[in-house]
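Enquirer:
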Amino acid sequence: MRKPMQTGLIVAAILAVLTITEYLFATHVGDDLVRFLGITVSALGKAVLIIYYFMHIYRLWRPQEAH
């Protein structure tokens, strides 16, 4: 099992790669449909990673811990 810091760094690196991908689609792709699809897929991928890893949405479906 990974340490939380290691997981956070890996996710941050993936987010950086997806951001660069978005930029490249926005600036170097001439076809509007391909540009739209590339940016959309990249943005959705980033949204999923942020929601799952940084907002901890998976905790909503876990049994509640006793306090």
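Counting along the sequence shown from 1, when you hit position 47 you're at 40 in the numbering used here, and nothing is skipped either side. We put the CB at the ideal spot given by N, CA and C, even for glycine.
#1: Residue 15 lies in the alpha helix (DSSP H); which residues open and close that run?
#2: How big is the Cα-Cα spacing for residue 16 and residue 58?
#3: Between residue 18 and the rest of its own chain, which residues show a CB-CB distance below 6 Å, the 5 nearest in sequence each way excluded?
#4: Between the Cα of residue 41 and the Cα atoms of 8, 21, -5 and -3, which residue gives the shortest distance?
#5: Assuming residue 89 is part of the alpha helix (DSSP H), what are its boundary residues?
Expert: On the basis of the coordinates in this document:
#1: As a working mapping, residue 15 is identified with position 22 in the sequence shown. Taken as a continuous stretch (DSSP letters only), the alpha helix (DSSP H) holding residue 15 covers -3 to 21.
#2: Within the sequence shown, the letter at position 23 stands for residue 16. Within the sequence shown, the letter at position 65 stands for residue 58. Computed Cα separation, rounded: 42 Å.
#3: Position 25 of the sequence shown, counted from the start, is the residue given in the question as residue 18. Answer for residue 18: 28, 31 and 32, listed in chain order.
#4: For the purposes of this step, residue 41 is taken as residue 48 along the sequence shown, with counting starting at 1. Ranking the options by Cα distance to residue 41, first place goes to 8.
#5: Here the chain covers residues -6 to 60 and nothing more, so residue 89 does not appear.
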